Amino acid sequence: MLSPEEHLRNYQKDMLGQILKAWTVHKNVMVQMPTGTGKTHLLSSLVNKELRTRNNKPCVWIVAHRRELVEQIEKTTVRYGIPQKDERVKVMSIQWLSRHWNDMRDERPSLIVIDEAHHALAETYKELWLHYPNAKKLGMTATPCRMNHKGFTDLFDTLITSDSIADFIRQGWLSVFDYVSIRPDSEDQLLVDSLSKRGADGDFQMKEMNEVLNHRPSIERLHESIRQYAYGKKGIVYAISINHARNIAAYYINKGIKAAAIDSKTPAGERQRLVEEFRQGRIQVLVNVDVFSEGFDCPDVEFIQLARPTLSLAKYLQQVGRGLRMTENKKSCAIIDNVGLYRLFGLPTAYRDWQAMFEGRLAGKGYPAANERQTSYMAAERTKDEASDAGGLLETIMSHEQLLDYLQNSFPLPKQDSLQAEELKPFKDRQSGLWGLKQGQTITATAQYLTVFDVKDQLAAVRFKDYRAGIVEGNGNIRMKFDRYHRMKFLPGSIALAEDSANHTFYIDLKSETLYNEKPKALMFGTIEMLKVGNQYCSRTKHVYKSHSKMNESDIIQRGFYLRIYDGFPCRHEFKQVGDTRSLLYSDCVCILENDTDDYYWICGELADGSIVIADEKGNYYHASESNGKQYIASEHPQRQEEDFDTVVSRLQAEAETHAERIRESDKQEKEEKRQEQLSHIQNAVPFQSGLKWGLKSGNRIIVPPIYRNIQKPVGNYCAVEANPQQWGIIMLDGKTVIEARYSHVEINDNGMAQLTIIPGKTKIVKLKACFQNAGGELCL
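Counting from 1, one number per residue, gives the positions in the sequence shown under the working numbering.
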């Protein structure tokens, strides 16, 4: 028997702390944790803590929606220190409880845990809330979502979410997987796309699915998929109906696979026997109908086969989650998607907005109409090994090696149905007559506006209930609120137009949130944007710089990471200068920094490495550079020695000199490396004659024009040339002069040395590389 808190993993301990903290504020808490991350272990720890710390008589109920889950929870809680006969803890199904309300009348549970809490919207669960309003409630689920846009906020006060499936795989708590799916133009995908009828729960109608897919050809393709991607492995198949499951199992057995079908009609004893034989490996494949979607724990499952179409995100994640549990010898899990669920829901690691689903702003549902927008985003990155898929029934969407590469290198996995790809749109609530905002199927701002004037990107111009107008973000957060404007419209360049009832027009800079009477014109200076409003130039910072009316555009100079603006009017503050003569160039100059949307600054001077010292109007000094942005360094009224301007700037000047020297050396080295690379491409250069002059060419390309009286054959990167009669020098293959042509004879050796004859009998030896580096200053040895 294990001590539950002793063996909690770090993320479970963190979740435990979050739950206990949430209970200090909220009575009803829902927790989301992916399948396979130990919800029942955490549940047992919470129950133990409740039994130990409760002053009055503790009583804990654990409620599940199926009898099979009750048995499993009982076994797990015993493993983690809760005696099976402890009368303070009761595990029951909601169906049993709904038939025995009177028998439980005297019970007063202090804590009620709802397992697989995404089922908690059923009427029987609502009764539980009505009967025991004072009990703490904890709902646990991997998928806090419903298909019908009904959230959980009428039962639970708050949602606590764990790390994502991708995070758990990255941390080694869940298994990596290979995901293969039927091709978009395959016969099975066309059959799935033909399903048009819906059941009472909003999912595909069972009868139509069975009629379309429960046929020999489809089952043959299911077997072929296993043969190709999971031969000899242990796995679970999710079927449509009891008949479908039995047909699949019979076909697999006929093909030599040890398979068995299991469903709700399988007697309890038979079901237990089959599951045990599957655990022990005597049965290789279990084909089931909604039996192992929730609660089933068998970590060494090596493949999951999806043979049942669904529109339910919860069902999809519960099914694939059965294969993501870890075991010591498990390398990965194969997810074989024979019904194209990937195109509705993305990979198991795709981003999910659980909070939006919890609140009912987003339905946990796939939309077949969106198929045209979904693409196999991994197609462009498929390896050569995957080319073998080309003639198969399925295509590899993601291999476990690719998945590991994405996760280990912290690459963001593509988001399925990402909100960034959806336009923000207004919608009208028919009951209230108010307007809200949504992206795709997600309601991002509930119906709360009298009017939505216009929508652009992630902003909306709206009229509030108090009849004032304003700008809100896509999620409803208010950016700006104004008077009662009659009309609003978004213009290009992050400008909004507003018109009052008297037809007066105003313009709003959405970046600086500044109102102008004239229409602004956006101007780009490198990467920094300014507005010209009438005769004034204005920054797009929160604290807006506005020039005098006689400024010329030539007074604005782009200097890489900042704009230098000659203002012409002295600042009312007398800021300290760097003390360099260059500071005179910056007297009365304003600075707008790249990527700084807050303020503008006055320039106090430039340092040797191109960085600058600047000041704001509050008397704070900053050091700004392209690599490090803006850093506070000093104050006009320093409280500490470290904030003294002269002390700090003296240090910065010395550092800038060192930095500038490193930059010069780096540039020099980079230039030389580039030069050597260019020379390596023209090693085959040969002399050629044009008229009376000689040059060098490489193939058909002339690299040194014919300007010399004579040229000798190159030796390495060097070549002897005669400029005038008996006046020889040395050039490099690209024409750069190494030795001026003033010697009667030169001889280049293979070792990079050259012998220069000044006059017959008088010579000197030089190192050519040193001569070139010294800009022609010859070095005699």
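For every residue, glycine included, the Cβ atom is placed at its ideal position computed from N, Cα and C. Just so you know, these numbers come straight off a predicted model, no measurement behind them.
Using a threshold of 8 Å, state whether the C-beta atoms of residue i and residue j are closer than that.
i	j	result
Q558	S549	no
Q305	Y238	yes
G729	E747	no
V455	L404	no
H244	N288	no
L69	L111	no
T541	T451	no
H65	H119	yes
S181	G340	yes
H543	D588	no
D163	S332	no
R325	P348	no
R479	I471	yes
H623	L652	yes
H215	Y251	no
I248	A307	yes
I160	I19	yes
I226	A260	no
S744	I759	yes
I336	Y229	yes
Y604	K576	The question names Tyr, yet the displayed sequence has Cys at residue 604. Cβ atoms of C604 and K576: closer than 8 Å.
C719	Q712	yes
L733	G752	no
I707	L696	no
E302	G235	yes
D567	S547	yes
I528	D509	no
For residue i, write down the residues that DSSP places opposite it in a beta bridge.
i	result
T658	T658 is not bridged to any residue.
A615	W602, Y621
I739	I730
E529	M524
R487	E499
Y632	Y622
I262	N288
A363	BP columns for A363 are empty, so no partner.
Q536	V533
T396	V180
C589	Y566
Y132	Beta-bridge pairing links Y132 to no other residue.
How far does the beta strand (DSSP E) with residue i in it reach, from first residue to last?
i	result
T757	753 to 759
E574	Run containing E574: none; DSSP gives neither H nor E here.
Q558	556 to 558
H745	745 to 748
I508	505 to 509
N552	Note, N552: premise wrong, no beta strand (DSSP E); not H, not E.
L138	136 to 141
Y231	From DSSP, Y231 is part of no beta strand (DSSP E); its letter is neither H nor E.
A64	60 to 64
L159	158 to 161
What is the residue span of the alpha helix (DSSP H) that residue i lies within?
i	result
S181	Careful: S181 lies outside any alpha helix (DSSP H), inside the beta strand (DSSP E) at 177 to 182.
N288	Here N288 belongs to no alpha helix (DSSP H); instead the beta strand (DSSP E) covers 285 to 288.
F168	165 to 170
Y251	242 to 254
V544	Note, V544: premise wrong, no alpha helix (DSSP H); not H, not E.
E513	Taken as a continuous stretch (DSSP letters only), E513 belongs to no alpha helix (DSSP H), as it is neither H nor E.
Indicate, with yes or no, if the ligand COA has a heavy atom lying under 7 Å from the CB of residue i.
i	result
S611	The model depicted lacks the ligand COA and carries no ligand whatsoever.
I'd like the ranges of any beta strand (DSSP E) spanning at least 3 consecutive residues and lying wholly in the segment 418 to 482. Segments of the beta strand (DSSP E) lying fully in the segment 418 to 482: 424 to 428, 435 to 439, 442 to 449, 451 to 456, 459 to 463, 469 to 473, 478 to 481.
Just to confirm the assignment: which complete alpha helix (DSSP H) runs, minimum length 4, are found wholly within the segment 189 to 222? 206 to 213, all fully within the segment 189 to 222.
At what residue ranges does the segment 92 to 123 contain a whole run of the beta strand (DSSP E), taking only runs of 3 or more? Qualifying beta strand (DSSP E) stretches, in chain order: 111 to 115.
For the pair the segment 40 to 57 and the segment 11 to 19, tell me if three or more CB-CB distances fall below 8 Å. Using a C-beta cut-off of 8 Å, the segment 40 to 57 makes contact with the segment 11 to 19, since at least three inter-stretch Cβ pairs fall below that distance.
Let me know the beta strand (DSSP E) ranges lying completely inside the segment 19 to 56, each 3 residues or longer, listed in chain order. Contiguous beta strand (DSSP E) elements confined to the segment 19 to 56 occur at 28 to 32, taking only those with 3 or more residues.
To test your reading of the DSSP string, which unbroken beta strand (DSSP E) runs of 3 or more residues are found completely within the segment 293 to 355? Runs of the beta strand (DSSP E) inside the segment 293 to 355: 303 to 306, 333 to 337.
Could you name each continuous alpha helix (DSSP H) segment of 4 residues or more that falls completely within the segment 651 to 728, going from the start of the chain to the end? Correct list: empty.
Three or more C-beta pairs closer than 8 Å, one from the segment 138 to 152 and one from the segment 24 to 41: is that the case here? Contact between the segment 138 to 152 and the segment 24 to 41 is present: three or more C-beta pairs spanning the two stretches fall below 8 Å.
Segment contact, 8 Å Cβ cut-off, at least three pairs: the segment 434 to 447 with the segment 184 to 200: Taking a cut-off of 8 Å on C-beta distances, the segment 434 to 447 does not touch the segment 184 to 200, as fewer than three cross pairs fall below it.
Inter-stretch contact at 8 Å, needing at least 3 Cβ pairs: the segment 670 to 689 / the segment 633 to 653: Flag = no, the segment 670 to 689 and the segment 633 to 653 do not touch.
Specify whether the segment 614 to 622 and the segment 658 to 678 touch according to this definition: at least 3 beta carbon pairs, one from each stretch, less than 8 Å apart. No, because fewer than three Cβ pairs between the segment 614 to 622 and the segment 658 to 678 fall closer than 8 Å, the two stretches do not touch.
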